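J.: Here you go, one structure.
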Amino acid sequence: MRYKRVAAVAIVLTGLGANSAFAQDTIKIGIVVPMTGTSGAVGREISDATKLYVAQHGDTVAGKKIELLIRDDQSVPDNAKRLAQELIVNDKVSFLGAGLTPSAMSMAPIATEAKVPTIVMVSGTSVVTERSPYYVRTSFTLGQQSGIIADWAIKNGSRKAVSILSDWAPGAEAGKVFEQNFTKGGGQILETLKVPLANADFSPFLQRAHDLQPDTLFVFVPAGQAGTFARQFAERGLDKSGIKLIGPGDIVDDDDLPSTGDALLGVVTAGMYSTAHPSQMNKDYAAAYKKATGHRANFISVGGYDGMNLIYETLKKTGGKADGDSLIGAAKGMSWESPRGPISIDPETRDIIQTVYIRRVAKVDGALRNNEFDSIPAVKDPAKARMKH
Ligand code: PHB
90 MRYKRVAAVA
100 IVLTGLGANS
110 AFAQDTIKIG
120 IVVPMTGTSG
130 AVGREISDAT
140 KLYVAQHGDT
150 VAGKKIELLI
160 RDDQSVPDNA
170 KRLAQELIVN
180 DKVSFLGAGL
190 TPSAMSMAPI
200 ATEAKVPTIV
210 MVSGTSVVTE
220 RSPYYVRTSF
230 TLGQQSGIIA
240 DWAIKNGSRK
250 AVSILSDWAP
260 GAEAGKVFEQ
270 NFTKGGGQIL
280 ETLKVPLANA
290 DFSPFLQRAH
300 DLQPDTLFVF
310 VPAGQAGTFA
320 RQFAERGLDK
330 SGIKLIGPGD
340 IVDDDDLPST
350 GDALLGVVTA
360 GMYSTAHPSQ
370 MNKDYAAAYK
380 KATGHRANFI
390 SVGGYDGMNL
400 IYETLKKTGG
410 KADGDSLIGA
420 AKGMSWESPR
430 GPISIDPETR
440 DIIQTVYIRR
450 VAKVDGALRN
460 NEFDSIPAVK
470 DPAKARMKH
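Everything in the sequence shown is counted per our numbering, starting at 90 for the first residue and increasing by one.
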């Protein structure tokens, strides 16, 4: 009899435990980004932007309380994997946010196994979204921007280019798509130079590029390295060499421009975000970001901000139902206005479709800005657009 009563109490307790876990009054979002080291700026920007979104939109959505958990993977993929595992098992997160490409790659099997929807907020490598059916991207791909700047360069007379690429997956992809479009347009790549990712020293590569006398220099450096690059570019006299510097938006990162000096003045890039994007929504975003952080909003920050919008809107659509399949179903085909302009999630690939702008660095009121002067709407990741044909 006594045994029976204890057992009954135990069953009731277990039932309650399971029930409250199931009902989940709090939705936790675990974001894994580098907060320290060479790419520490990336983590700061994502952390700031996601917190700003919650501050502006409230910490309750579809009747659920939202809790952000930010974890530092120090750019080490094994750390990212372990942190994702801990966030799922110990913290019971309903969403993950993924950062740099190598970390996003290593987290994918964990997200798939646990069916946790994961917002790719930073990575710009095409293949990342194919690594898990629970991945959705709100950042960008390097291909999206590099093909467009190649076409622009050809149209504007470039024929002989040297590429300088940060030596990891997004750099390889930027270089590949640039080369495809540039050679298709009748241009020639004289040489491709690869710069180590950690402790990047661009000087010897810039010297080599100078010696080759191209008409155009195509460069990809990741967020956080534009300042170092610009200084070394000027030290080698390349800003006065007549060689046209172009690239995806990363080389003129708005967070770095205030400290680059005038070396990048006039540089044309293809990018998905400019602090100077003239929409009302962006004016409000850039002002609020500056006020909250003291920094300029940049192209990394909008990946985090829009990632939060995707989370809020999918939860509204599912009425707070937080299982992975319902949430990913809700994310497919979603479209909204971002501070960068109109964006949507490709329902077939879960990758971002967005406007890519051609911009020129100019000085406005004494400060360097990326001024948009042309735009290509609804650009898909070119690798995926090709796959379908
Ligand atoms: C990436 O992780 O793929 C990445 C990071 C920073 C960038 C571009 C790409 O600026």
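Even glycine gets a Cβ: it sits at the ideal position worked out from N, Cα and C.
Please read all numbers here as calculations on a predicted model, not as lab measurements.
#1: Beta-carbon separation of Thr364 and Asn398 under 9 Å?
#2: Taking only the alpha-carbon atoms, compute the straight-line gap between Leu306 and Lys181 and give it to the nearest angstrom.
#3: What number of angstroms, rounded off, separates the C-alpha of Ile465 from the C-alpha of Arg429?
#4: Identify whether Trp257 lies in helix, strand or coil by the three-state DSSP scheme.
#5: Please indicate yes or no: does the CB of Leu185 lie closer than 8 Å to some heavy atom of ligand 1?
#6: Leu172 and Arg160 look like a contact to me (Cβ under 8 Å); what is the Cβ gap, rounded to whole Å?
#7: What are the residues that DSSP puts in a beta bridge with Ile208?
#8: Do Val121 and Asp162 come within 9 Å of each other at the CB atom, strictly closer than that value?
#9: Verify whether the separation of the beta carbon atoms of Lys154 and Asp114 is less than 9 Å.
#10: Measure from the alpha carbon of Pro311 to the alpha carbon of each residue in Val150, Gly275, Ala151, Ser164, then state which is nearest.
#11: State the Cα-Cα distance for the pair Lys405 and Ile434, rounded to the nearest angstrom.
#12: Identify every run of the beta strand (DSSP E) within the region 107 to 165, keeping only runs that are complete inside it and at least 3 residues long; order them along the chain.
#13: DSSP on Glu324, reduced to helix/strand/coil?
#14: Ignore the nearest five residues each way along the sequence and tell me which others in Thr349's own chain have a CB closer than 6 Å to its CB.
#15: Using 8 Å as the cut-off, can you tell me whether the region 250 to 262 makes contact with the region 294 to 309, which would need three or more C-beta pairs spanning the two stretches below that distance?
#16: Suppose the cutoff is 7 Å on Cβ atoms and the five residues either side in sequence are ignored; what does the same chain contact list for Leu286 look like?
#17: Give me the Cβ distance between Phe184 and Ile118, rounded to the nearest whole Å; I'm assuming they're in contact under 8 Å.
#18: With DSSP as the reference, label Asp345 as helix, strand or coil.
#19: Have a look at Ser292, Leu301, Gly213 and flag the residue whose alpha-carbon is nearest the alpha-carbon of Gly264.
#20: What three-state label does DSSP hand Lys333 in the structure shown?
#21: For Ala239, which three-state DSSP category applies?
T.: According to the structure data:
#1: No. Outside cutoff.
#2: One alpha carbon belongs to Leu306, the other to Lys181, and they sit about 47 Å apart.
#3: Looking at the two C-alpha atoms, the distance is approximately 13 Å.
#4: In this structure, Trp257 counts as coil in the three-state DSSP scheme.
#5: Every heavy atom of ligand 1 is 8 Å or more from the Cβ of Leu185, so no.
#6: Indeed, because the Cβ distance is near 4 Å, the residues count as touching under 8 Å.
#7: The bridge partners DSSP lists for Ile208 are Gly186, Val225.
#8: Yes, they are a contact pair.
#9: In this structure, Asp114 lies closer than 9 Å to Lys154 by Cβ.
#10: Measuring from the Cα of Pro311, the nearest candidate turns out to be Ser164.
#11: Approximately 17 Å, taken between the alpha carbons.
#12: Whole beta strand (DSSP E) segments, 3+ residues: 115 to 122, 153 to 161.
#13: For Glu324, the three-state secondary structure derived from DSSP is helix.
#14: Same-chain partners within the cutoff: Gly316, Ala319.
#15: Below 8 Å, enough C-beta pairs join the region 250 to 262 and the region 294 to 309 to call them touching: three or more.
#16: Non-local beta-carbon contacts of Leu286 in its own chain, meaning distances under 7 Å to residues more than five positions away in sequence, involve Ser255, Asp256, Trp257 in chain order.
#17: 5 Å between Cβ atoms; contact.
#18: Coil at Asp345, not helix or strand.
#19: Gly264 has its Cα closest to that of Gly213, out of Ser292, Leu301, Gly213.
#20: Lys333 carries a strand assignment under DSSP once its states are collapsed to helix, strand and coil.
#21: The three-state reading of DSSP puts Ala239 in helix, counting H, G and I together.
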